[in-house]
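So the structure is just underneath, and the comments pick up after that.
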Amino acid sequence: QVQLVESGGGLVQAGGSLTLSCAASGAIVTFNDMAWYRQAPGQQRELVAAITSTSTRNYVDFVKGRFTISRDNAKNTVVLQMNSLKPEDTAVYYCNLGGRFGHWGQGTQVTVSS
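The sequence shown begins at 27 in our numbering and counts up by one.
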């Protein structure tokens, strides 16, 4: 059974940084397409960043240059480094394995104050 557990969320001031981690069990992140999504109150869940099994990285425009997705193969985790955070980045961030019909974590709250 695949389980994804996110951590690293919290409250930060605008311009600050946070590092989100997604620890996987029951699957090896190296061999899977992984992604981070986010969902703000009243909004649909949206893709933020993805890394494929071949290490191709994709970012949505509103985080390019600020967020970086990576894998820590030794820890079987996927990391989202978020810099230059903005209030509009406030959302629950979810880790995903295998696409929208794949597996999801429980989410971690990120709140950016102005």
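Cβ atoms here follow ideal geometry from the backbone N, Cα and C, with glycine treated the same way.
Reduced DSSP category for residue i - H, G, I as helix; E, B as strand; rest coil
i, result
"Phe88", "helix"
"Thr134", "strand"
"Thr103", "strand"
"Val28", "coil"
Inter-residue CB distance, residue i and residue j (contact presumed, cutoff 8 Å)
i, j, result
"Val28", "His129", "4 Å"
"Lys112", "Ala40", "6 Å"
Residue i - containing beta strand (DSSP E), residue span
i, result
"Phe93", "93-98"
"Ile77", "72-77"
"Thr45", "44-51"
"Gln39", "36-39"
Bridge partners - residue i, DSSP secondary structure assignment
i, result
"Ala61", "Ala76, Asn122"
Worksheet item: Three or more C-beta pairs closer than 8 Å, one from the segment 90-101 and one from the segment 120-133: is that the case here?
Response: no
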